[in-house]
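Participant:
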Ligand code: PMT
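Numbering (this note's numbering), first residue to last: 1135 to 1538.
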């Protein structure tokens, strides 16, 4: 399971997990286990209705922490204050229409609804319910009230619901809830108010309907960057070629399969963004022509004629103005010299270089080792790290050298 957060991010974080009475409460046990395994201290507060769906023992077993339920039966009459104050994040999953309504209108009739009034700025709500309930104007009004007050919402996903109906209202998958928590908890947030365009994955250049030229890029490095930029507070758009990984939570995706389509998509969104990070592995060549019918096998040698694709990054570099542009450089040798050469040739602000054709770095690997060079003359060598950790370091360099 790929989850886009730096490996030690949750270490020592204090998360109060509020579980209310929706069927999706069963899924939240895995969320509690994941966060605990990553080093977070997870305390659970359940409503009485949630207890009809999952036993408190499940949460006690996976978190190793006490589960709170009733305001007065907890041995401390001020549990609502101490619980709210002593946690970094209050994540309500699933959040029923009832808890949303209570929070929007200040109703505090049990421990969970009461503690929500103490530190509302720490609250992250993951609504989950039947589609008709979710679409009900009264629920939407309540959500709007909370959003306007600064409460963060994880929108429900669409699909088959516990009641058997289809539509919006599903609790997002555990990895998305984890990413939402990462993005909510992350500090600093220097990309707040900034629009970040990231490209990821491999372009495909079609020869005929059954064959294409491509490369092994999985899209992991670019998706990791997109999630981290979001966690730093940015609004992120991701333009993708072929991906073999999931798009991170909170990121808008646009698919552009070929180099020409990617060029068109990047140019269309470049005016919108403040920062472009070009991590996609764009094919340098494409077939001179596309055969609409499958090319038949023959006995003699077959020659494929290729023409160069436009160099998107170089074209952007020529007209980038004051926007910040970050390129990637994939090499099999002389990686640092090539990084400096491409930085100047493509007129970009930062170039991140990595070795490809190796097991632990570059294409498809879960880890990467990169060199960062920039137009201010900085040269940084990073150790081999998980790709999301690499992304965190790249964004940190970007912010401190170009956006502070
Ligand atoms: O996706 P993963 O499996 O996680 O792998 C990550 C990665 C190895 C793909 C990534 O880290 C990476 O190196 N991406 C850039 C790959 C590449 O195309 O490098 P390049 O040195 O050929 O190109 C230099 C820069 O020009 C890149 O920013 C590239 O996006 C851009 N380019 C290249 C060709 C082209 N026709 N137009 C471009 O804009």
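All C-beta atoms in this analysis are idealised placements derived from N, C-alpha and C, irrespective of residue type, glycine included.
Use the C-beta contact count for residue 1247: other C-beta atoms within 10 angstroms, 16 or more gives buried, fewer gives exposed.
Facilitator: Here the question's residue 1247 lines up with position 113 in the chain shown. Buried, since its Cβ has 16 or more Cβ neighbours within 10 Å.
Participant: On the premise that residue 1343 lies in contact with residue 1361, defined as a C-beta separation below 8 Å, what is that separation, rounded to the nearest angstrom?
Facilitator: Taking the first residue of the chain shown as position 1, residue 1361 is located at position 227. Taking the first residue of the chain shown as position 1, residue 1343 is located at position 209. In fact, because the Cβ distance is near 34 Å, the residues do not count as touching under 8 Å.
Participant: If residue 1480 sits next to residue 1448, beta carbons under 8 Å apart, how far is it from one beta carbon to the other, in whole angstroms?
Facilitator: Stepping through the chain shown from its first residue, residue 1480 is reached at position 346. Stepping through the chain shown from its first residue, residue 1448 is reached at position 314. With a contact defined as Cβ atoms closer than 8 Å, residue 1480 and residue 1448 qualify at about 5 Å.
Participant: Are the beta-carbon atoms of residue 1483 and residue 1404 separated by less than 8 Å?
Facilitator: As a position in the chain shown, residue 1483 is number 349, starting the count at 1. As a position in the chain shown, residue 1404 is number 270, starting the count at 1. Cβ distance not < 8 Å, so residue 1483 and residue 1404 don't count as in contact.
Participant: Verify whether the separation of the beta carbon atoms of residue 1260 and residue 1218 is less than 8 Å.
Facilitator: Here residue 1260 refers to the residue found at position 126 of the chain shown. Here residue 1218 refers to the residue found at position 84 of the chain shown. No, Cβ-Cβ distance for residue 1260 and residue 1218 is not below 8 Å.
Participant: What do you reckon, is the C-beta of residue 1410 under 7 Å from a heavy atom of the ligand PMT?
Facilitator: Along the chain shown, one-based indexing puts residue 1410 at 276. Residue 1410 Cβ: outside cutoff for every heavy atom of the ligand PMT.
Participant: Confirm the yes/no value for this check: CB of residue 1434, any heavy atom of the ligand PMT, distance under 7 Å.
Facilitator: Counted from its first residue, the chain shown places residue 1434 at position 300. Residue 1434 Cβ: outside cutoff for every heavy atom of the ligand PMT.
Participant: State the Cα-Cα distance for the pair residue 1509 and residue 1174, rounded to the nearest angstrom.
Facilitator: Taking the first residue of the chain shown as position 1, residue 1509 is located at position 375. Taking the first residue of the chain shown as position 1, residue 1174 is located at position 40. Cα-Cα distance, rounded: 39 Å.
Participant: Assuming residue 1140 and residue 1513 form a contact by the criterion Cβ under 8 Å, report the distance between their Cβ atoms to the nearest whole angstrom.
Facilitator: Looking up residue 1140 in the chain shown gives position 6. Looking up residue 1513 in the chain shown gives position 379. Incorrect: roughly 23 Å between the Cβ atoms, too far for contact.
Participant: What are the residues that DSSP puts in a beta bridge with residue 1514?
Facilitator: Residue mapping note: residue 1514 aligns to position 380 of the chain shown, counting from 1. Bridge partners of residue 1514: 1506.
Participant: Between the Cα of residue 1478 and those of 1503, 1464, 1458 and 1451, spot the shortest distance and give me the residue it belongs to.
Facilitator: Position 344 of the chain shown, counting from 1, holds the residue named residue 1478. Comparing Cα positions, the closest option is 1451.
Participant: Sorry if obvious, but does the Cβ on residue 1497 come closer than 7 Å to a heavy atom of the ligand PMT?
Facilitator: Here residue 1497 refers to the residue found at position 363 of the chain shown. Yes; taking the cut-off as 7 Å, the Cβ of residue 1497 has a heavy atom of the ligand PMT nearer than that.
Participant: Report the residue from 1413, 1345 and 1397 whose alpha carbon sits nearest the alpha carbon of residue 1377.
Facilitator: On the chain shown, position 243 is the one that residue 1377 refers to. Out of 1413, 1345 and 1397, 1413 has the C-alpha closest to the C-alpha of residue 1377.
Participant: Just how far apart, CA to CA, sit residue 1235 and residue 1476?
Facilitator: Here residue 1235 is taken as the residue at index 101 of the chain shown, counted from 1. Here residue 1476 is taken as the residue at index 342 of the chain shown, counted from 1. Whole-angstrom Cα-Cα distance: 55 Å.
Participant: Looking at the unbroken beta strand (DSSP E) that takes in residue 1339, where does it start and where does it end?
Facilitator: Taking the chain shown and counting its residues from 1, the one referred to as residue 1339 is at position 205. Unbroken beta strand (DSSP E) run through residue 1339: 1339-1342.
Participant: If residue 1238 and residue 1276 are in contact, beta carbons under 8 Å, what's the gap, nearest whole angstrom?
Facilitator: To locate residue 1238, count along the chain shown from 1; it is residue 104. To locate residue 1276, count along the chain shown from 1; it is residue 142. Residue 1238 to residue 1276, Cβ: 4 Å. Contact.
Participant: Cβ-heavy atom distance between residue 1352 and the ligand PMT below 7 Å?
Facilitator: The residue you call residue 1352 lines up with position 218 of the chain shown. Yes, the Cβ of residue 1352 comes within 7 Å of a heavy atom of the ligand PMT.
Participant: Name the two residues that bound the continuous beta strand (DSSP E) containing residue 1317.
Facilitator: Here residue 1317 refers to the residue found at position 183 when the chain shown is read from its first residue. It is not in any beta strand (DSSP E) - residue 1317 instead sits in the alpha helix (DSSP H) that spans 1308-1319.
Participant: Can you find the residues in the same chain that come closer than 7 Å, C-beta to C-beta, to residue 1135, ignoring five residues on each side of it along the sequence?
Facilitator: Position 1 of the chain shown, counting from 1, holds the residue named residue 1135. Excluding residues within five positions, the ones whose Cβ falls inside 7 Å are 1309.
Participant: Quick one: complete alpha helix (DSSP H) runs, 4+ long, within the region 1225-1257?
Facilitator: Runs of the alpha helix (DSSP H) inside the region 1225-1257: 1231-1239 and 1245-1249.
Participant: Measuring alpha carbon to alpha carbon, tell me which of 1204, 1288 and 1216 ends up nearest residue 1244.
Facilitator: Stepping through the chain shown from its first residue, residue 1244 is reached at position 110. With distances taken between Cα atoms, residue 1244 lies closest to 1204.
Participant: Hey, is residue 1484 close to the ligand PMT, as in C-beta under 7 Å from one of its heavy atoms?
Facilitator: In the chain shown, residue 1484 corresponds to position 350, counting from 1. Checking every heavy atom of the ligand PMT against the Cβ of residue 1484, none is found closer than 7 Å.
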